[in-house]
Amino acid sequence: MSEHRIELTVNGRRHGATVEARTSLGEFLREELGYTGTHLACEHGVCGACTIMLAENGNGGQAVRSCLMLAVQADGAEVTTIEGLAEADGSLHPVQQALRDNYGLQCGFCTPGVAITLAALTADGARPEVEDLEAAMSGHICRCTGYQGIRRAIRQLTGTAQPAGEHA
Amino acid sequence: MNAGVPFRRMVGKRAPRKEDARLLTGRGQYTDDVRMPGMLHCVFVRSPVARGTITALNLKAARELPGVHAIYTHADIGQVPIQLMTFFFTPIAAPISLLANGRVACVGDPVALVIAESRAIAEDAAALVELEIDEEVPVVTISDAARGALVHPGTESNCSQEMGAAEIPEAVQAILDKAAHRVTKTIRHQRIAQSPMEARACVASFDGAEELTIHISCQSPHFVARYVSTVLGVPQEAIRVVAKDVGGAFGLKNMPWREEMAVIVAAKLFRRPLKWIEDRFESLTASSHAREQEITLTAGFDAEGRLLAAHGDCSINNGAWPMGEDCNIAVHMFMWPAYKLPAYSFHTRGWYTNTMGLGGYRGPWALESLIRETLLDDAARQIGIDPIELRRRNLVRREDQPMTTGMDITVTDITPYECLEKLLSEVDVAAFRKEQAAARKSGRYLGLGVTTYVEPTAVAGIMTPLTGETAQVRIEATGKVTAMLSTHSQGHGMATTMAQVIADRLGVAYDDVTVFDSDSAIGSYSPGAAGSRQGVIAGGASWRAAELLADKVKRIAAHLYNASPETITIEDGMIHIAGAPEMSRPLREVAEIAHGEPFRLPEGMETGLEAQYRYQPPPMTFTSAAHACMVEVDPETGFVSIKRWVSSEDCGTIINPGIVEGQIAGGLAQAIGQVLLEEMPYDAHGNPLAATFKDYLMPAYTDIPDFEYLHANTPSQTIGGMRGVGEGGAIIGPPTLVNAIADALAPFGPLDVALPLSPHRVLEHIERAEAAVRLEEAI
Numbered sequence: 119m120s121e122h123r124i125e126l127t128v129n130g131r132r133h134g135a136t137v138e139a140r141t142s143l144g145e146f147l148r149e150e151l152g153y154t155g156t157h158l159a160c161e162h163g164v165c166g167a168c169t170i171m172l173a174e175n176g177n178g179g180q181a182v183r184s185c186l187m188l189a190v191q192a193d194g195a196e197v198t199t200i201e202g203l204a205e206a207d208g209s210l211h212p213v214q215q216a217l218r219d220n221y222g223l224q225c226g227f228c229t230p231g232v233a234i235t236l237a238a239l240t241a242d243g244a245r246p247e248v249e250d251l252e253a254a255m256s257g258h259i260c261r262c263t264g265y266q267g268i269r270r271a272i273r274q275l276t277g278t279a280q281p282a283g284e285h286a
Numbered sequence: 015m016n017a018g019v020p021f022r023r024m025v026g027k028r029a030p031r032k033e034d035a036r037l038l039t040g041r042g043q044y045t046d047d048v049r050m051p052g053m054l055h056c057v058f059v060r061s062p063v064a065r066g067t068i069t070a071l072n073l074k075a076a077r078e079l080p081g082v083h084a085i086y087t088h089a090d091i092g093q094v095p096i097q098l099m100t101f102f103f104t105p106i107a108a109p110i111s112l113l114a115n116g117r118v119a120c121v122g123d124p125v126a127l128v129i130a131e132s133r134a135i136a137e138d139a140a141a142l143v144e145l146e147i148d149e150e151v152p153v154v155t156i157s158d159a160a161r162g163a164l165v166h167p168g169t170e171s172n173c174s175q176e177m178g179a180a181e182i183p184e185a186v187q188a189i190l191d192k193a194a195h196r197v198t199k200t201i202r203h204q205r206i207a208q209s210p211m212e213a214r215a216c217v218a219s220f221d222g223a224e225e226l227t228i229h230i231s232c233q234s235p236h237f238v239a240r241y242v243s244t245v246l247g248v249p250q251e252a253i254r255v256v257a258k259d260v261g262g263a264f265g266l267k268n269m270p271w272r273e274e275m276a277v278i279v280a281a282k283l284f285r286r287p288l289k290w291i292e293d294r295f296e297s298l299t300a301s302s303h304a305r306e307q308e309i310t311l312t313a314g315f316d317a318e319g320r321l322l323a324a325h326g327d328c329s330i331n332n333g334a335w336p337m338g339e340d341c342n343i344a345v346h347m348f349m350w351p352a353y354k355l356p357a358y359s360f361h362t363r364g365w366y367t368n369t370m371g372l373g374g375y376r377g378p379w380a381l382e383s384l385i386r387e388t389l390l391d392d393a394a395r396q397i398g399i400d401p402i403e404l405r406r407r408n409l410v411r412r413e414d415q416p417m418t419t420g421m422d423i424t425v426t427d428i429t430p431y432e433c434l435e436k437l438l439s440e441v442d443v444a445a446f447r448k449e450q451a452a453a454r455k456s457g458r459y460l461g462l463g464v465t466t467y468v469e470p471t472a473v474a475g476i477m478t479p480l481t482g483e484t485a486q487v488r489i490e491a492t493g494k495v496t497a498m499l500s501t502h503s504q505g506h507g508m509a510t511t512m513a514q515v516i517a518d519r520l521g522v523a524y525d526d527v528t529v530f531d532s533d534s535a536i537g538s539y540s541p542g543a544a545g546s547r548q549g550v551i552a553g554g555a556s557w558r559a560a561e562l563l564a565d566k567v568k569r570i571a572a573h574l575y576n577a578s579p580e581t582i583t584i585e586d587g588m589i590h591i592a593g594a595p596e597m598s599r600p601l602r603e604v605a606e607i608a609h610g611e612p613f614r615l616p617e618g619m620e621t622g623l624e625a626q627y628r629y630q631p632p633p634m635t636f637t638s639a640a641h642a643c644m645v646e647v648d649p650e651t652g653f654v655s656i657k658r659w660v661s662s663e664d665c666g667t668i669i670n671p672g673i674v675e676g677q678i679a680g681g682l683a684q685a686i687g688q689v690l691l692e693e694m695p696y697d698a699h700g701n702p703l704a705a706t707f708k709d710y711l712m713p714a715y716t717d718i719p720d721f722e723y724l725h726a727n728t729p730s731q732t733i734g735g736m737r738g739v740g741e742g743g744a745i746i747g748p749p750t751l752v753n754a755i756a757d758a759l760a761p762f763g764p765l766d767v768a769l770p771l772s773p774h775r776v777l778e779h780i781e782r783a784e785a786a787v788r789l790e791e792a793i
């Protein structure tokens, strides 16, 4: 196995490491750096639980599946994981708050990926339509909630929510 | 100390979940997040064939790989004597071992266990193991099992359990013969992979001579401790099981199985902490599966559509190494309690095959609602009566109760009829029928499914592992409240709902209550999440424990402040004395005295401020519901789109509507997956054919509609009046959707129900009907 020296920024902190070429970014973030909020659930790019935000060469952050990307490919990148989403004072990111307000999670295993995707699409003042966020959710599997709370969270984030507690 | 005490500020509220702050910020602790010094990683070598004798197992190349510490086979693991048990703590009858003992009986059978520095190295080594098997023709289906070779040589039959008789008893047959209408329906239910997002996982560490610490993805740390202690024959007090966060379980993680037990035994032999994290390929093909069953039900009706008698015949494909080698008698037990059916007989069998064994899954007896409710719709069409009217004529109403069914189930407070009426107040059936008729004229096929059911929840005291629940509640010297519970959560939100109950009954702020429920070292035995019990039994235990504790606070306050206990109330963490507002004191003051100044307590009173209550509820608490679903089926693509879904359920006292609705929705999503998408097929060679989430179709965001909820709130006879709600959606969901599809496709004739009703199957149905019409026209 070939080994490679990489440097990257995760949640604003710089890290340097030597990684095997085959190590996925998700495994590297969890095992080497201790960002265990990134969950590996299918490891073949379908379920979306492992989604992280990745910025390269000044590009805005994009939602990326960390099980399909190798750690070596993230050399020089800026990564945001679920641990880096809330403010330093602990106040939740609007996406996290919307998921919390709407019972958007139960077991919480798929949640970091869902939150990161929604955060990436609403970053930098972007104002996506409900349909854009819903289309992105086709890349996430949740086994617990039937997506009801995620759907309400999306409506809250896009200002299209019904009052809390009302159901059709 | 009764339900009339006026502290109900949190019960019934959509309180934000206490778990979320941790889980939303990546600070949960799932089993794969646990690390121990010196910990090594395990990977299983599994059988690639369904049946045969192992002729060679060469480990040399694998053992020589740098980073590999050990490779264990049955010869090693088998040195530790074990007796695997079912969920009911009865011995597994099949000749089971943790790793294959000379023979393999299904694809995925664990053959060897690799222990290495990293999971990657362990996987490399597993690939270097040379395994040769003298392959035999496998027994794959239920009909194979009836005719084929013995799955477990040396046993008497592939039928592991049989109850009832194939021949319909004369008394029932006589009624069926005379019935004005006789309806028979058959359903083939596919095999399901439970697929929690976190697959199975465990970390096992032996410390000292006997002490064992297990972190495991499970449904109850207490159950696991008891199970491991029983299987290994070691004292339970030496075993500590921790499951802080669990990424979904759904019945699959009811009990540790061969892999987790093999890792635990390997940790005992190797004396290093060992971690096993199941990958998705294993989770789909080698975790216990669920559901694969066939059932035929015949029912007789009088001329007015009243049920007279019925007979059901069910077979379950249990696979080679099921967690329970049973014939799912619960399907028959719970088929009719909601309906007035004078006579029922049944025949039911469980079969071994060379497929992965079955385990638990949300609503394991759910086939009863599927076959009954779909048969009732067929009957309505055959008799020429509205399906809702047919149900009205047969449902058990309040005035019919108490009522005992032929299967000896007594219902005293079920409300399926009332749930149905409530549902129909929200769903305009007449308007839908008009829309449906108009749509059909333009070649669009709309359908409506309406179903009713009841479900036994919170079963306690009548089956070995299903017990009562304990709550220990303590007011710390700081005035904050800590609760330790025997129950367990895998996303159910117990830290939230139990805090709501305790806050209300004790009279403290919700924010001041912290609940612990994830460690066998605290609380006491319960099966955790099993049989929709947490809200009912743990809720009742928390309710009463908090009341007992409030009572103690009042007695101390009365003594300290020279008042009588009846004049004292506790509200929002303050102690008030009626008629003396100036005497109000923070609860903290009493707590400090109770802990630190025992001489100020009433004479003889125990110091500290805590209470414990173990709640033994009635043996069963029934939940009722009626659901309606509207679909459109595209006759060109066979695609089913769900237009509307309304749930009308009665789960008694609701602690938190957000959590109740989350449970219903999650069950319904799984139901939609079962009816439209999910399937774990096997080929004729016994190969599981869905190895990834590209093949095993999980319900996605776009597959699930917005659900609407109506809540009836008939308090049950339990403390607090709750009824269980965890499994209901998965039980009533499938027949509701199948009935809607069958209604939409009624112009094409009766729908053959083989699940899933994939676009391919729906198109086959339509094309068969069209071919029949063409044939008729040609003649």
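Chains as they are written, first to last, in my numbering: chain A, 119 to 286; chain B, 15 to 793. Don't be surprised by glycine CBs; every beta carbon is placed ideally from N, CA and C.
Item to check | Under 8 Å between C-beta atoms of Thr471(B) and Arg547(B) | outcome: yes
Item to check | Neighbour list for Arg132(A) in chain B, Cβ cutoff strictly below 8 Å | outcome: Per Cβ cutoff of 8 Å: no residues; Arg132(A) is ~19 Å from chain B at best.
Checklist entry - Fully enclosed by the segment 172-202 of chain B, which beta strand (DSSP E) runs are 3 residues long or longer? => result 173-178
Checklist entry - If you measure from the beta carbon of Ala286(A) to each beta carbon in chain B, is any gap under 8 Å? => result Low confidence applies here, because Ala286(A) scores a pLDDT of 37, under 50, leaving its location unreliable; read the following figure in that light. With 8 Å as the cut-off, Ala286(A) counts as an interface residue toward chain B.
Item to check | chain A within 8 Å of Ile230(B), Cβ atoms only | outcome: No, no contact with chain A.
Checklist entry - Are the beta-carbon atoms of His162(A) and Pro230(A) separated by less than 8 Å? => result no
Checklist entry - Rounded to a whole number of angstroms, what is the C-alpha to C-alpha distance between Gln73(A) and Glu181(B)? => result Outside the modelled stretch of chain A, which goes from 119 to 286, sits residue 73(A), for which no answer is possible.
Checklist entry - Do you know how far the Cα of Arg273(A) is from the Cα of Ala535(B)? => result Rounded to the nearest whole angstrom, the C-alpha separation of Ala535(B) and Arg273(A) is 42 Å.
Checklist entry - If you measure from the beta carbon of Met736(B) to each beta carbon in chain C, is any gap under 8 Å? => result Annotation note: the requested chain C is absent from the structure, which comprises protein chains A and B.
Checklist entry - Along the chain, where does the alpha helix (DSSP H) that runs through Gln180(A) open and close? => result Gln180(A) -> not in any alpha helix (DSSP H); beta strand (DSSP E) instead, spanning Gln180 to Arg183.
Next on the checklist: Can you confirm whether Phe227(A), when its beta carbon is compared against all beta carbons of chain B, has any partner nearer than 8 Å?
Outcome noted: Judged by the 8 Å Cβ criterion, Phe227(A) is in contact with chain B.
Next on the checklist: Among the candidates Pro713(B), Trp290(B), Ala698(B) and Asp664(B), whose CA atom is the shortest distance from the CA of Ile427(B)?
Outcome noted: Ile is not the amino acid found at residue 427(B); the sequence shown has Asp there. Asp427(B) has its Cα closest to that of Asp664(B), out of Pro713(B), Trp290(B), Ala698(B) and Asp664(B).
Checklist entry - Among Thr141(A), Asn177(A), Cys260(A) and Gln214(A), which residue has its Cα nearest to the Cα of Asp242(A)? => result Ranking the options by Cα distance to Asp242(A), first place goes to Asn177(A).
Next on the checklist: Relative to the C-alpha of Ala134(B), which candidate in Ser174(B), Val57(B), Pro167(B) and Met275(B) has its C-alpha closest?
Outcome noted: Measuring from the Cα of Ala134(B), the nearest candidate turns out to be Val57(B).
Item to check | CB contact check: Glu247(A) to chain B, cutoff 8 Å | outcome: no
Checklist entry - Taking the alpha carbon of Thr362(B) as the point to measure from, which residue in Phe315(B), Gly333(B), Arg386(B) and Ile309(B) has its own alpha carbon closest? => result When C-alpha distances from Thr362(B) are compared across Phe315(B), Gly333(B), Arg386(B) and Ile309(B), the shortest belongs to Ile309(B).
Next on the checklist: I'd like the list of long-range same chain contacts for Gly42(B), defined as Cβ closer than 7 Å, with 5 residues on each side in sequence excluded.
Outcome noted: Within the same chain, and ignoring the five residues on either side of Gly42(B) in sequence, the residues whose Cβ sits closer than 7 Å to its Cβ are Arg36 and Asp259.
Checklist entry - Counting only beta-carbon atoms, is Arg22(B) nearer than 8 Å to chain A? => result Per-residue confidence for Arg22(B) stands at a pLDDT of 48, beneath the threshold of 50, marking its modelled position as unreliable; the derived number appears in the next sentence. Answer no: the Cβ-Cβ gap between Arg22(B) and chain A never drops below 8 Å.
Checklist entry - Can you tell me whether Phe21(B) is buried or exposed, with buried defined as 16 or more other CB within 10 angstroms of its CB? => result Note that Phe21(B) scores 46 on pLDDT, short of 50, meaning its location in the model is unreliable and no value can be drawn from it.
Checklist entry - Which two residues bound the contiguous alpha helix (DSSP H) that contains Trp557(B)? => result Gly553 to Tyr575
Checklist entry - Quick one, are the C-beta atoms of Ala640(B) and Thr466(B) less than 8 Å apart? => result yes
Checklist entry - Buried or exposed: Gln630(B), going by 16 or more other Cβ atoms within 10 Å of its Cβ? => result exposed
Next on the checklist: Taking 7 Å as the limit between beta carbons, can you name the residues of its chain near Glu284(A), skipping five residues before and five after?
Outcome noted: Legend: pLDDT at Glu284(A) = 43, less than 50; position of this residue unreliable, value from coordinates given subsequently. None.
Checklist entry - Gly134(A) to Leu288(B), Cα distance in whole Å? => result The straight-line gap separating the alpha-carbon atoms of Gly134(A) and Leu288(B) is approximately 28 Å.
Checklist entry - For Pro600(B), which option in Ala594(B), His590(B), His609(B) and Ala608(B) has the closest C-alpha, if you only look at C-alpha atoms? => result His590(B)
Checklist entry - Does Thr199(A) have its Cβ less than 8 Å from a Cβ in chain B? => result yes
Item to check | Gln626(B) and Ala559(B) closer than 8 Å at C-beta | outcome: yes
Next on the checklist: Within a Cβ cutoff of 6 Å, which residues of the same chain sit near Pro351(B), ignoring the five residues on either side of it in sequence?
Outcome noted: Thr419, Ile423, Val425 and Val468
Next on the checklist: Can you tell me where the beta strand (DSSP E) holding Ile1(B) begins and where it ends?
Outcome noted: Summary: the structure shown does not reach residue 1(B), with chain B confined to residues 15 through 793, and so no result is reported for it.
Next on the checklist: Within 8 Å of any Cβ in chain B, is that where the Cβ of Ser256(A) sits?
Outcome noted: yes
Item to check | Where Pro378(B) falls, given that 16 or more other Cβ within 10 Å makes a residue buried | outcome: The Cβ neighbour count for Pro378(B), taken over all protein chains shown within 10 Å, is at least 16; the residue is labelled buried.
Item to check | Buried or exposed (CB count within 10 angstroms, at least 16 for buried), Ile476(B) | outcome: exposed
Item to check | chain B contact for Gly283(A) (CB, 8 Å cutoff) | outcome: With a pLDDT of 48 at Gly283(A), under the threshold of 50, the modelled position of that residue is not reliable, and the figure given next carries that caveat. Yes, Gly283(A) counts as interfacial toward chain B.
Checklist entry - Taking the continuous alpha helix (DSSP H) assigned at Gln684(B), which residues delimit it? => result Bounds of the alpha helix (DSSP H) holding Gln684(B) are Pro671 to Ile686.
Checklist entry - Is the CB-CB distance between Thr299(B) and Pro702(B) below 8 Å? => result yes
Checklist entry - Using a Cβ-Cβ cut-off of 8 Å (strictly less than) and excluding sequence neighbours within five positions of Met119(A), which residues of its own chain qualify? => result So the list reads Glu138, Ala139 and Arg140, once near-sequence residues are dropped.
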